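Participant: Sending over a structure as structure tokens; questions will come in a sec.
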Amino acid sequence: VSDFNQFVMNIRQDFSCRIWYLDTNKESAVVQLGPELATLMISHDGSTLFVGKDSGRVIVWDTATGKVRHEFQQKGAINDISIDSSGTYIAVASDELVFYNLKTLQELKRHEKEGLSVRKAIFSGDDKVVVAHFNSSARDGTGSRFAFFSPETGEILESRDIQVPSEVFNFNVNHDGTAVIVASFATNARVYHRTDAAEDRWYPFDTYPVKVLFSPDERLVIAADSEGTVKIFDSASGKAAVTADKDHAAQ
């Protein structure tokens, strides 16, 4: 189901896919995804389906016709595909990070860091910044880095060198792309400011968080661990405002 309950996507065992649009009660054409499926992403309006392959292919499908609009190719298996809210730009993560303009079907820029792959890329809420997580194959997480990019050009933006000293499980980005919140193998959730380390913040956890996000107004930070504990922090003070787990009500 889409984020705003606009449509439902169903993938069958034969690698075919169909989308049901809930507002019109209509179905899309059948899309044949094929084998070697690595990742999927659908545009916010449900009109375009992006299929990432283990071979590094990215196939852009028109869901109305069930036909391929375009194909891109990059190094390594596709780990993640991220799209802006207007459906104009995508950032594709594999052994390299590649930006594309979907209106012109042109490649904008490629980025590659030796010894690192790109695990995920996220657009900021205003769609003006993309934050990418570069990670080594080492389990100790010492190769984890975050970088900031312009989706319109694919160029890297001015920022500090943000390195995370433990394995990263999840991250999220604030509305204007000036900060990233990270869940890692540490006893805190941490917010890293893009340019000013003095603006970094820590949010303590009893174990370690695996999911993190900002509230829409960024006054709160929400973090959850794998055992069902959720903590909601005041983002400015760092104090836990609410704590709840699978066995206890919120406090």
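Residue numbers (this note's numbering): -1 to 249.
For each residue, glycine too, the CB sits at the ideal point set by N, CA and C.
If you're wondering where the values come from, they're calculated on a predicted model, not measured in any experiment.
#1: Could you tell me whether the Cβ atoms of Y201 and F231 are closer together than 8 Å?
#2: For R217, count neighbouring C-beta atoms within 10 Å of its own C-beta (all shown protein chains included) and say buried if the count is 16 or more, exposed if not.
#3: From what residue to what residue does the beta strand (DSSP E) around F97 run?
#4: How would you label D138, buried or exposed, when you count the other beta carbons within 10 angstroms and need 16 or more for buried?
#5: Give me the Cα-Cα distance between W59 and S41, rounded to the nearest whole angstrom.
#6: Do A91 and V66 come within 8 Å of each other at the CB atom, strictly closer than that value?
#7: Look at I17 and T63 and say whether their C-beta atoms are less than 8 Å apart.
#8: Do you know whose CA, among T86, I81, S80 and E94, lies nearest Q71's CA?
#9: Along the beta strand (DSSP E) that carries G50, what are the first and last residues, could you check?
#10: Which class does A91 belong to by DSSP, given the choice of helix, strand or coil?
#11: I'd like to know if the stretch 103 to 115 and the stretch 164 to 171 are in contact, where contact means that at least 3 CB-CB pairs between them fall below 8 Å.
Facilitator: The short version:
#1: yes
#2: exposed
#3: L95 to N99
#4: Below a pLDDT of 50, predicted positions are generally treated as unreliable, and D138, at 48, falls in that range; no measurement from the model is reported.
#5: 10 Å
#6: no
#7: no
#8: E94
#9: T46 to K51
#10: strand
#11: The answer is no - the stretch 164 to 171 does not touch the stretch 103 to 115, with fewer than three Cβ pairs under 8 Å.
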